[in-house]
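full-length UniProt numbering numbers the first residue of the sequence shown as 1 and each following residue consecutively.
In this text, a Cβ means the ideal position worked out from N, Cα and C, and glycines have one as well.
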Amino acid sequence: MDKNSLSHTSWNCKYHVVFAPKYRRQVIYGRLKQDIGKILRDLCDRKGINIIEAECCPDHIHMLLEIPPKYSISQTMGYLKGKSSLIIFDRHANLKYKYGNRHFWCRGYYVDTAGKNAKKIQEYIKNQLKEDYMADQISIKEFVDPFKGEQVNKSKKIRCFSTSCENWCTRKKARSMECCR
């Protein structure tokens with residue numbers, strides 16, 4: 001069991017959090033996705049928050065965080081969403097036409113504590129983008145892990161587009177596979 005400590009406290013506080021852009025718009029891709037990952041990483045480092053696992057999906061973000069007990073989860077989420085929103089609008093001024101007055105994130109968020117099931121949650125977050133490989137709206141070049149800066153493994157198998165096909169395809173455009181014709 002991983003334990004961290006403060007002066008008189010040992011702690012193991014892990015939280016699975018999910019939050020989304022306002023109106024659940026699918027805008028988290030390409031350059032913005034990389035910037036959001038870097039911004040959230042920097043903000044977490046400033047507060048001593050450890051990002052165990054994170055994934056940026058086109059319309060929401062999953063993070064498994066290890067937060068010191070001196071910060072409440074509501075404080076942490078307010079800080080992450082508030083500061084990141086300001087920085088995002090500074091770097092991407094064109095977003096003000098979609099979102100108005102510097103409100104990039106939805107008002108709420110989802111949070112769950114992670115205890116013994118932290119490994120399962122970590123696996124769940126890692127596999128979030130498998131569904132997005134199917135989408136034609138985002139090219140395969142844009143699948144870069146914004147939290148690590150490395151390209152996501154292209155050889156992961158993706159679900160075939162056809163509803164009648166139960167095969168797994170490893171190519172970007174599954175429709176071109178023989179099983180889907």
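Beta-carbon proximity check, residue i vs residue j, cutoff 7 Å
i, j, result
"residue 8", "residue 121", "no"
"residue 43", "residue 14", "no"
"residue 110", "residue 27", "no"
"residue 62", "residue 125", "yes"
Simplified DSSP state of residue i, which is helix, strand or coil
i, result
"residue 113", "strand"
"residue 56", "strand"
"residue 104", "coil"
"residue 156", "The pLDDT assigned to residue 156 is 47, lower than 50, so where the model puts this residue is not dependable; a value taken from the coordinates is nonetheless given after this. Correct three-state label for residue 156: coil."
"residue 127", "helix"
"residue 70", "coil"
"residue 64", "strand"
"residue 11", "strand"
"residue 89", "helix"
"residue 49", "coil"
Residue i to residue j span [Cα, whole Å]
i, j, result
"residue 97", "residue 108", "22 Å"
"residue 113", "residue 49", "15 Å"
"residue 57", "residue 5", "33 Å"
"residue 11", "residue 115", "12 Å"
"residue 106", "residue 24", "8 Å"
"residue 78", "residue 123", "26 Å"
"residue 75", "residue 39", "17 Å"
"residue 69", "residue 29", "33 Å"
"residue 35", "residue 129", "18 Å"
"residue 94", "residue 104", "12 Å"
"residue 160", "residue 20", "With a pLDDT of only 47 at residue 160, under the threshold of 50, the placement of this residue in the model should not be trusted; the figure read from the coordinates follows. Answer to the nearest angstrom: the Cα atoms are 27 Å apart."
Close Cβ partners of residue i (< 7 Å) along its chain, the five nearest in sequence each way excluded
i, result
"residue 147", "37, 41, 51 and 54"
"residue 32", "92"
"residue 71", "47"
Contacting residues, own chain, Cβ-Cβ under 8 Å from residue i (five flanking each side not counted)
i, result
"residue 102", "85, 86, 89 and 96"
"residue 73", "15, 17, 67 and 111"
"residue 45", "none"
Beta-carbon proximity list for residue i, same chain, < 6 Å, skipping 5 on both sides
i, result
"residue 99", "22"
Rounded distance between the beta-carbons of residue j and residue i, thought under 8 Å
i, j, result
"residue 118", "residue 80", "Actually they do not touch by this definition, with Cβ atoms about 20 Å apart."
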